[in-house]
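In this text, residue positions in the sequence shown follow the working numbering: the first is 1393, and each later residue adds one.
Glycine is no exception: its CB is placed at the ideal position from the N, C-alpha and C atoms.
Since this is a predicted model, take the numbers as computed values, not measurements.
Heads up, the thing below is written out as structure tokens.
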Amino acid sequence: MDLARFLVRQADESGEEEPPSGQCSTTNDYDGRMGLRISAIFVILVGSTLGAVFPIFARRHQGMGIPNWVFFIAKYFGSGVIVATAFIHLLAPANEALGNECLIGVITEYPWPEGIALMTVYLMFFLELM
1393 MDLARFLVRQ ADESGEEEPP SGQCSTTNDY DGRMGLRISA IFVILVGSTL GAVFPIFARR
1453 HQGMGIPNWV FFIAKYFGSG VIVATAFIHL LAPANEALGN ECLIGVITEY PWPEGIALMT
1513 VYLMFFLELM
């Protein structure tokens, strides 16, 4: 509970002010840490390369003794992690961005992030059945 209060207090004291009602903000949240962003690309590259190459290596070298059911479970667990990450980290910001009062037109008349997510789930199930 103390952590939640700290985070709320920190967000309140961040100095970011909401634009007055009827006025749209034209700024972005870029903080200038370019070196950290570039190094993160290489960390992700190395981690994903190891994660992609290990199953291929383990499958070709039967001496490691990894049963086929381990590959089956790992494949679907990894897919579930990717889908869950997308829902948790991308759906809420999409709702916030597409629900902005500065937007006009047809995009404001329907909750598009949920609709796009639902269409994607149906497409994934359809492609899996093929």
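Between which two residues does the alpha helix (DSSP H) carrying residue i extend?
i     : result
R1452 : M1426 to R1452
L1510 : W1504 to L1521
Y1468 : N1460 to L1490
For residue i, tell me which candidate among the options has the shortest Cα-Cα distance.
i     : options                       : result
V1513 : N1492, A1476, E1488 and I1430 : A1476
N1487 : G1472, G1507 and Y1468        : G1507
T1418 : N1492, M1511 and P1447        : N1492
I1448 : K1467, A1432 and V1435        : K1467
A1509 : L1495, M1522 and A1484        : A1484
(request) Please confirm if the segment 1479-1498 is in contact with the segment 1450-1466, defined as three or more CB-CB distances below 8 angstroms between the two stretches. (result) In short, these stretches do not touch, since the Cβ pair count stays below three.
(message) Assess contact between the segment 1515-1522 and the segment 1494-1504, defined as three or more Cβ pairs (one per stretch) separated by less than 8 angstroms. Is contact present?
(response) Contact between the segment 1515-1522 and the segment 1494-1504 is absent, because fewer than three Cβ pairs lie under 8 angstroms.
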